[in-house]
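Data block below; observations after.
In UniProt numbering, the protein residues as written are 1 to 377.
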């Protein structure tokens, strides 16, 4: 009861860094967009939600009702360099007074008085920095530990990552809260189409192991299986060799790339699919797996990161380092309509366990604790 009284009678002005969602909303962008909407929908009386952006080109518009926008015409790279290297300027100089500043990345937003919150989605960048974007490679490995330990609250999207944050970064578990990502509110289809393609959704970056999936598809084709595979996701420049493979035998005409899909197109994409394969080397959560399960698409995922936590008994698991075994598992599932239907039903039930609204309600209480912790410094 005391916790609810604290939350209800001490208004909290929350600011979220919305920059990852300004353009194509991939993992972190989707996270901050959905979290912002859910926080606004569940905000207790007197509490407020605002989003912040800095960009020389892209202007910020409030993503939903009841959400304020604070837009600073400062180049992203310039501001990030100043924040990461100088820890200046404080967010209040750019966005006005707030009680809590939430970064959807592992690095803090510098603040004069506001409580500081970070979300850590995974720690892949610690083990494989060269497989990440240049800015992440430059700043995250060297700064994440100190930033996480200084934060008034560390949010993780899975218990798997929460344990890693405590063990590897030395963060007090009492300052770590798990708020799972949510599932979309889609209607689950009633059956699995017999002639649909297999799909893989996600940015074509090394962590997603698209190269391993293409190797697996080569084995499938060699074995006489020509089920189409469609890749959906933005392709950084580093993905050029992968895309080139799609233009040559044996993958040409069997494997295609449709690029990044907005939510409406993505929903239709899932609707046509027979199976989703997510062969990642690491996932802090795995939003495509939950989206697929919510849509009624059976899933095959790697037994890595938080995917077993998220998918439970509703998935077929594979070793991402063994393309031949991956191919065998995919072929076995595709040839078994009973198994496909069982996975569809299990996945739909599993997806219902993940709610953006429930996570936002949990986050509001964690915010109140963070503000209280900051006030006692």
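Where is the CB? At the ideal position from N, CA and C, for every residue including glycine.
Beyond the five residues adjoining it in sequence on each side, residue 312 comes within less than 6 Å, by CB distance, of 350 in the same chain, given in chain order. Cβ atoms of residue 213 and residue 225 stay farther apart than 8 Å, at about 14 Å.
In this structure residue 250 does not touch residue 326 by the C-beta definition: roughly 16 Å separates them, more than the 8 Å allowed. Within its own chain, the residues whose Cβ lies closer than 6 Å to the Cβ of residue 15, once the five positions on either side in sequence are excluded, are 50, 52, 95, 98 and 101, listed in chain order. Note that the C-beta distance between residue 305 and residue 160 is below 8 Å. Residues of the same chain with a CB within less than 7 Å of the CB of residue 173, apart from the 5 flanking positions on each side, are 166 in chain order.
Here residue 191 is not bridged, per DSSP, to any residue. Annotation: the continuous beta strand (DSSP E) that includes residue 278 extends over 275-278.
Residue 109 holds the alpha-carbon nearest to the alpha-carbon of residue 18 among 376, 109 and 289. C-alpha of residue 204 to C-alpha of residue 220: approximately 21 Å in a straight line. Counting along the chain, no alpha helix (DSSP H) covers residue 52; the unbroken beta strand (DSSP E) around it starts and ends at 48-54. A residue is called buried once 16 or more other Cβ atoms fall within 10 Å of its Cβ, and residue 290 is buried on that count. Residue 71 is bridged by DSSP to 53.
Under the criterion of beta carbons closer than 8 Å, residue 64 and residue 37 qualify as touching, at roughly 5 Å. Only residues of its own chain outside the window of five on either side were considered, and among them 125 and 129 have a CB closer than 8 Å to the CB of residue 136, listed in chain order.
Looking at the backbone, the Cα of residue 367 and that of residue 91 are separated by about 17 Å. Between the C-alpha atoms of residue 360 and residue 184 there is a straight-line separation of about 14 Å.
Here the alpha carbon of residue 285 sits roughly 21 Å from the alpha carbon of residue 273.
Of the other Cβ atoms in all chains shown, fewer than 16 fall within 10 Å of the Cβ of residue 75; this residue is therefore exposed. Taking the C-beta atoms as reference points, residue 47 is found nearer than 8 Å to residue 12. Cβ contact annotation for residue 89 (same chain, cutoff 6 Å, sequence separation greater than five): none. In the structure shown, the three-state DSSP call for residue 32 is helix.
About 5 Å separates the Cβ atoms of residue 298 and residue 275, confirming a contact at the 8 Å cut-off.
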